[in-house]
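In the UniProt record's numbering, the protein residues as written are 1 to 561.
In this text, a Cβ means the ideal position worked out from N, Cα and C, and glycines have one as well.
Quick look at the structure:
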């Protein structure tokens with residue numbers, strides 16, 4: 001049954017009214033909610049705010065490095081330390097290495113571009129910070145509904161966004177309601193804020209509907225494949241931030257590694273691969289496993305134990321790829337818009353700040369009795385903010401690296417070290433790009449095949465054992481949340497031309513081409529493995545795969561990530 005048929009038979013849906021509905025309990029969404037309540041308290045007003053979260057709890061789907069710049073958190077909650085925010089490990093050392101297959105070249109700190117320096121920052125679990133932010137929001141009266149995925153945007157009779165609806169629960173694989181069926185609910189609001197993270201399902205629809213990206217460069221993405229390890233205490237260097245460039249990537253492929261030494265003998269490490277790579281034989285997951293075999297990484301990890309795994313797409317286009325962030329009735333914040341600063345490898349501070357700016361614009365509108373209009377004050381405040389200054393200074397970063405490792409590294413040094421020394425804080429040039437990531441793949445026949453070594457089960461691992469550590473779980477009897485516009489395309493186009501890249505760019509083993517004796521190959525989708533990274537939605541060369549939210553609560557359940 002279609003959703004419309006279900007509504008006709010089982011509707012109408014129950015409805016709840018709020019001043020503001022926030023979709024996504026990440027750092028930007030929770031910052032929006034917290035700031036709204038703070039403003040209401042200051043003005044002696046009452047603003048009703050609810051936050052929907054598709055994960056089983058706030059933080060369950062949160063995955064990031066993370067080294068956080070605490071400035072925006074301090075703006076939001078000045079006494080965060082006294083309130084027990086989980087920022088426990090300050091950065092004490094910065095290292096930047098260019099890797100060759102067996103060796104490395106270190107950059108002296110004096111020559112390290114300012115964007116890679118982390119004085120005053122903290123190594124954290126972003127998931128744990130989000131859980132703490134959720135506690136602060138609830139303490140202010142914000143209603144948080146975990147396990148409910150927003151799957152539909154609601155509009156009023158003038159075409160303005162008027163809220164969202166949650167997905168129906170208890171729909172079987174055949175699309176028919178089961179014995180546990182529960183109709184979704186409508187949450188209507190004067191303003192709706194979308195903070196779903198990179199490539200948000202509803203954010204993507206809004207960008208298309210209102211043509212918010214008409215004047216922006218195409219968004220550029222990366223996929224971060226991350227692991228959490230507990231290592232030998234003798235090898236642990238609390239507060240060390242290590243970044244790498246070069247091997248295992250070739251000079252034309254954007255990518256870089258990180259290893260952050262947290263407290264408690266834990267290190268978080270991962271490899272980010274730009275999703276504008278051109279070789280369809282490349283596998284970001286296997287590249288990350290291969291990266292760990294480098295002598296530098298091996299020296300820290302041998303004798304340790306892997307205790308966590310996950311993957312997530314990130315926005316990397318920066319200011320030039322930022323869409324218009326407002327539309328009638330709402331706004332985009334955080335990575336749903338693309339505020340991450342790829343040059344600093346940081347997005348949490350930007351997410352928090354964008355949420356605060358949106359909240360202040362909404363607070364002003366509500367005070368004036370307005371609703372469902374465009375929040376002009378939000379982008380205007382952004383243009384006056386330190387966040388705009390920061391992103392504007394870094395606007396060329398990913399564009400330079402699209403020209404290769406050497407040009408990208410040289411120009412990053414010019415823009416982030418030489419120009420600041422000359423007191424030129426804004427590069428006097430702007431570099432644009434016009435190609436979306438999915439358009440960059442070459443045919444397999446024109447590309448160098450990459451054969452990856454088998455995992456050893458000690459330092460390197462396979463996908464399935466990795467997904468196990470993500471605690472991913474989905475209700476088996478539900479419609480697939482990885483949908484195909486045309487079921488014939490994967491075999492007839494992707495497999496024949498690009499050697500089935502979805503079987504390699506997915507870090508969770510979701511896509512598998514099955515070839516049985518005497519039969520045509522077919523694509524098998526193992527949706528239960530999905531960690532919601534959304535790489536398939538971004539990188540599929542025919543844009544035939546569409547990621548939609550599964551039944552609420554499904555997906556990974558990350559711990560300390």
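- Within the model, the alpha-carbon separation for residue 400 versus residue 406 is close to 9 Å.
- According to the DSSP assignment, residue 74 belongs to the alpha helix (DSSP H) that extends over 71-76.
- Looking from the CA of residue 364, the closest CA among 427, 36, 344, 153 belongs to 36.
- In this structure, residue 26 and residue 552 do not form a Cβ contact; the two beta carbons are roughly 16 Å apart against a cut-off of 8 Å.
- When the alpha-carbon of residue 310 is set against those of 366, 472, 362, the nearest one is in 472.
- DSSP, reduced to helix, strand and coil, places residue 37 within a helical segment of the structure shown.
- Beta-bridge pairing by DSSP links residue 50 to 21, 143.
- Where residue 386 is concerned, there is no enclosing beta strand (DSSP E), although the alpha helix (DSSP H) around it starts and stops at 386-393.
- Of all alpha-carbon atoms in 53, 254, 63, 398, the one lying nearest the alpha-carbon of residue 194 is that of 53.
- Annotation note: the segment 395-431 contains the following uninterrupted alpha helix (DSSP H) runs of length 4 or greater, listed N- to C-terminal: 397-401, 405-413.
- Shown here, residue 190 sits in a strand according to DSSP, grouped into three states.
- A Cβ-Cβ contact shorter than 8 Å links residue 470 with residue 558.
- In this structure, the straight-line span from the alpha carbon of residue 417 to that of residue 273 is close to 24 Å.
- Shown here for residue 398: same chain residues with a beta carbon closer than 7 Å to its own, the five before and five after excluded, namely 220, 316, 317, 318, 342 in chain order.
- Going by DSSP, residue 10 is part of the alpha helix (DSSP H) stretching over 3-10.
- A distance of 8 Å or more separates the beta carbons of residue 17 and residue 200.
- Residue 94 has 241 as its beta-bridge partners, per DSSP.
- The segment 429-447 makes contact with the segment 264-279; the number of CB pairs closer than 8 Å reaches 3 or more.
- Under the 10 Å beta carbon count, residue 376 is surrounded by fewer than 16 other beta carbons and is classified as exposed.
- Contact annotation: the segment 216-232 touches the segment 265-272, with at least three C-beta pairs closer than 8 Å.
- In this structure, the CA atom of residue 491 is about 46 Å from the CA atom of residue 373.
- For the beta strand (DSSP E) assignment, the uninterrupted runs of no fewer than 3 residues enclosed by the segment 150-178 are, from N- to C-terminal side, 150-155, 161-166, 169-171.
- Following the DSSP letters along the chain, one finds residue 468 in no beta strand (DSSP E) but inside the alpha helix (DSSP H) bounded by residues 463-469.
- A contact between stretches requires three or more CB pairs, one per stretch, nearer than 8 Å, and the segment 123-138 meets this requirement with the segment 248-268.
- The beta carbons of residue 196 and residue 202 sit closer together than 8 Å.
- Relative to the Cα of residue 353, the nearest Cα in the group 58, 40, 24, 74 belongs to 74.
- Per DSSP, reduced to three states, the secondary structure at residue 89 is strand.
- A direct Cα-Cα distance of roughly 11 Å separates residue 110 from residue 94.
- In terms of Cβ geometry, residue 58 and residue 164 do not form a close pair [threshold 8 Å].
- Nearest to residue 304 by alpha-carbon distance, out of 172, 325, 320, 234, is 234.
- DSSP places residue 505 inside the alpha helix (DSSP H), whose first and last residues are 502-505.
- By a beta-carbon distance limit of 8 Å, residue 370 does not contact residue 115. Their separation comes to about 39 Å.
- Put simply, the backbone Cα of residue 306 is about 36 Å away from that of residue 143.
- The DSSP-derived three-state label of residue 247 is coil.
- Rounded to whole angstroms, the gap between the alpha carbons of residue 38 and residue 300 is 44 Å.
- Here the alpha carbons of residue 8 and residue 2 stand approximately 10 Å from one another.
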